[in-house]
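K.L.:
Mind looking over this structure? Questions follow.
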Amino acid sequence: MAPDGSIARPTVLTGPSGVGKGTLVARLRERHPEIWLSVSATTRAPRSGEIDGIHYFFHSKERFNELVQSGGLLEWAEFAGNCYGTPRQPVSERVANGIPVLLEIELEGARQVRKSLPEAIQLFLAPPSVEELEKRIRGRGTEAEEAIQRRLKRAQDELAAQTEFDAVIVNDDLETALAELENKMNLTGT
9 MAPDGSIARP TVLTGPSGVG KGTLVARLRE RHPEIWLSVS ATTRAPRSGE IDGIHYFFHS
69 KERFNELVQS GGLLEWAEFA GNCYGTPRQP VSERVANGIP VLLEIELEGA RQVRKSLPEA
129 IQLFLAPPSV EELEKRIRGR GTEAEEAIQR RLKRAQDELA AQTEFDAVIV NDDLETALAE
189 LENKMNLTGT
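The numbering used here applies: residue 9 is where the sequence shown begins, and numbers increase by one.
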């Protein structure tokens, strides 16, 4: 149950790269450690220090395909030869136990979750402007110009889809965005 006694609904959060999803989610979890951030399944090999069930659920391609065929994933996609997806069972178990669940996923995954888990609250995190988003992406200083341009092109497509969501949160001021996210997730601010 949510703090107000209502049934907890899973929340999907998406938005373009560089909008601040990771920072916002980290702050949210600091204030609300009871929130469970969904753990993705993948067919890629674990990297050094990654723990199965904590960082990812690591599966063979065969096992991953079984999950796809049996409806065991809320959403999935293939990137760079590896498959990634959100397992249904851990999400369902936590929701059934009244634990707030957050899925931080990309646009296509959010669209799939809308079909496979229609009761989920769908939130889009937007930048205050495209110019600010570009400034944030460039400010990372981690990517070549070609990669930045790809991210910006993809961001335009993602921003065009924000009307598909239950609500849009503009990440102009982190504390304001955090308060809006808490409100949409029916959490009590601290």
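Heads up, the beta-carbon is just placed ideally off N, CA and C, and yes, glycines get one too.
(1) For Glu114, which three-state DSSP category applies?
(2) Tell me whether the stretch 174-191 and the stretch 41-51 touch, counting them as touching only if at least three CB pairs, one residue from each stretch, are closer than 8 Å.
(3) Taking the alpha carbon of Ala202 as the reference point, which residue from Leu131, Ile59, Lys123 and Ser100 has its own alpha carbon closest?
(4) Should Thr51 and Cys91 be called a contact, given that it needs their Cβ atoms to be closer than 8 Å?
(5) Per DSSP, Glu153 is paired with what?
(6) Go through the stretch 83-149 residue by residue and report every complete run of the alpha helix (DSSP H) that reaches 4 residues or more, in order.
(7) For the beta strand (DSSP E) containing Gln178, name the first residue and the last one.
(8) Starting from Leu21, follow the beta strand (DSSP E) in both directions and report where the run begins and ends.
(9) May I ask you to verify whether the stretch 159-168 touches the stretch 15-34, counting CB pairs closer than 8 Å and requiring at least 3?
(10) On the three-state DSSP scale, how would you describe Gly197?
P.N.:
Looking at the atomic coordinates:
(1) coil
(2) no
(3) One cannot answer for residue 202 here, as it falls past the ends of the chain, which runs 9 to 198.
(4) yes
(5) Partner(s): none; Glu153 has no beta bridge.
(6) 96-104, 115-124 and 138-148
(7) This sequence places Val at residue 178; Gln is not what is there. First-last of the beta strand (DSSP E) with Val178: Ala175 to Val178.
(8) Thr19 to Thr22
(9) yes
(10) At Gly197 the pLDDT is 47, less than 50, meaning the model places this residue with poor confidence; the figure from the coordinates comes in the next sentence. If DSSP states are grouped into helix, strand and coil, Gly197 belongs with coil.
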